[in-house]
Amino acid sequence: MFKTIETAVARFSMALGGLVLVAMMMQVVVDVFMRAFLGAGFPATSDLVSKYYMVAVSVLPLALTEVKRRHIEATIFTQKLTGTSLKAVQLFGFVIFACVLAVLLYGGTVEAISKTARGAYVEAGTIRFVTWPSYWIMPLSFGLALLIMVLRIIEVLTGQFTDGDDDPLDQFDSQTGEA
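In my numbering, the protein residues as written are 175 to 353.
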């Protein structure tokens, strides 16, 4: 069941992140084209890129990086640990990260609710560019990452968590056929 949830979160994060990247690329291309050939750019491009696209690109992959176990880890002190001591260190790390994510989720949600209630916007030339929906990107991202961390904690506590040495270069070498 955990793998099904992890797969759903990973697919959702990748799909949404991919859509955001494509949308950002298209927006910038249209803006540059319009500036070059029509003398005026697409309205609110810089606001759209900075308030929506870059925020999403920065934090949406957070859950995916944990699903794929691609966070940076300093294992110099733990690489020789086994058994209960290794599980204790893993559990401690997951609990600390989950607590940080919970605080970020709470703060982000409070901020998003406040901005939504106020109907936050920025003036972009002669138009009002609505920004309050962009504030919900952070709570969504932190919520997905927290869900994955809760799953990791449950996996460690039930003995289902396995974490081998994962060297991305090994995966690259196996794909390219190099030794």
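For every residue, glycine included, the Cβ atom is placed at its ideal position computed from N, Cα and C.
Sorting F316, Q334 and L190 by C-alpha distance to the C-alpha of E240 places F316 at the top. C-alpha of E297 to C-alpha of F251: approximately 52 Å in a straight line. Buried is the label assigned to F268, since at least 16 other Cβ atoms lie within 10 Å of its Cβ. P307 is classed as exposed because its beta carbon has fewer than 16 other beta carbons within 10 Å across all chains shown. The C-beta separation of V203 from T219 comes to about 10 Å, leaving the pair out of contact by the 8 Å criterion. Less than 8 Å separates the beta-carbon of L275 from that of L320. Between Y309 and F303, the C-beta spacing is not below 8 Å.
Ranked by Cα distance from V330, the first of T258, V223 and G282 is T258. Within the stretch 215-294, the runs of alpha helix (DSSP H) that reach at least 4 residues and sit entirely inside it are, in chain order, 219-222, 228-233, 235-241 and 257-292. With distances taken between CA atoms, I179 lies nearest to L238 out of G282, L238, Y280 and L265. Remark: C-beta atoms of V194 and V231 approach each other more closely than 8 Å. If you draw a straight line from the Cα of I322 to the Cα of I311, it comes to about 17 Å. Beta bridge pairing from DSSP links E180 with no other residue.
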